[in-house]
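So the protein lines, in turn, are chains A and B. Once you know that position 157 of the first sequence is 577 in the working numbering, the rest is easy, because the numbers rise by one and skip nothing. Once you know that position 69 of the second sequence is 58 in the working numbering, the rest is easy, because the numbers rise by one and skip nothing. Since the structure comes first, as structure tokens, the remarks are kept for the end.
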Amino acid sequence: MNLIGPKSIASKAHLVLKVVFILAIVRVLLMSIAPVLPYRSLQHLSFDIQSGPLFVSFDLLRGTEAKWWIWAMELVSRTYQAVVLYLLMRILAPVGLGEPFDLKTPSRLRIMGCVVILGSVLRTLFCAALLKLGLRPEPGVWISWAIDFDAIFMGIVLFVLAEVFRRGYALKTENELTV
Amino acid sequence: MAIRIHLDRVMLERGISLTELAGRVGITLANLSILKSNKARAIRFSTLDALCRELNCSPGDILKYDSSGGGRSESQL
């Protein structure tokens, strides 16, 4: 089976991403409409949220304020995931049609890079705000507001890839207009 | 670019159609249309060679330099 083109792995991956994206949107909408965390989560002494580059773990039983912070962070994180999924889906669409170098792919990769970097900044700000509000984790549970250099590096790599695709598109156009 | 293609004029003089020329030269009609309408960014020597052979002309008959031409600049390529 081919990696790119019609009926290839890329076209099937695009289809899968479409479904996952719709599910992600439904999840974000449900969270926005009903801003309540699952009851069973509150029964546990500590609650882990791991969503993409956002990771925080702290005691939920420290009051409703912490609960709302978790909800806000979870909502931002899920929205962030939905945006990344959407961009990936749009990048894979032309690849699935056998045209990997699309005019809009570079700008989509750049937006994805911005989203990844922004996500890491938001995480840092969120964790710093938690510490400032005194919502400190239990002993042994880690919470850090250090800058996430991995995410920033990933964002920079996405910018580089955007440039690669931009040049690829320019070469493709050049080749198409060479008679 | 100030390079102009005068393929239509040469074709008219030789009385040959675009479809026929495309078939003889061995390139697609779409590509020949791109060349004829001055939208091409580059031309292969092999294409130019085939065009000159079929139209019985020299490259200078097809390609002209027009300094007043307001076509695409190099930076736009």
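Every residue, glycine too, gets a C-beta built ideally from N, C-alpha and C. Since the structure is predicted, the reported quantities are computational estimates derived from the model, not experimental observations.
Cβ pair residue i, residue j closer than 8 Å
| i | j | result |
| --- | --- | --- |
| A/I424 | A/G518 | yes |
| A/A492 | A/F441 | no |
| B/R(-7) | B/D50 | no |
| A/F585 | A/P526 | yes |
| B/L24 | B/L10 | no |
| A/I531 | A/A571 | no |
| A/L597 | B/K28 | yes |
| B/L44 | B/R(-2) | no |
| A/Y589 | A/L523 | yes |
| A/V599 | B/I5 | no |
| A/V515 | A/A430 | yes |
Cα-Cα separation, residue i to residue j
| i | j | result |
| --- | --- | --- |
| A/H434 | A/T499 | 19 Å |
| A/L508 | B/P48 | 47 Å |
| A/I445 | A/R510 | 15 Å |
| A/L545 | A/L512 | 32 Å |
| B/S57 | A/L578 | 43 Å |
| B/L7 | B/A(-9) | 24 Å |
Residue-level contact to chain B via CB, residue i, 8 Å cutoff
| i | result |
| --- | --- |
| A/E594 | yes |
| A/L597 | yes |
DSSP state of residue i mapped onto helix, strand, coil
| i | result |
| --- | --- |
| A/K438 | helix |
| A/I567 | coil |
| B/A31 | strand |
| A/L591 | helix |
| B/T17 | coil |
Assigned exposure category for residue i - 16 Cβ within 10 Å defines buried
| i | result |
| --- | --- |
| A/C534 | exposed |
| A/M421 | exposed |
| B/D38 | exposed |
| A/A566 | exposed |
Neighbour flag for residue i against chain A, beta carbons, 8 Å
| i | result |
| --- | --- |
| B/A(-9) | no |
| B/A11 | no |
| B/N20 | yes |
| B/I51 | no |
beta-carbon residue i near the ligand PLP non-hydrogen atom, thresh 7 Å
| i | result |
| --- | --- |
| A/W488 | The ligand content of the structure shown is nil, which means the ligand PLP is not present either. |
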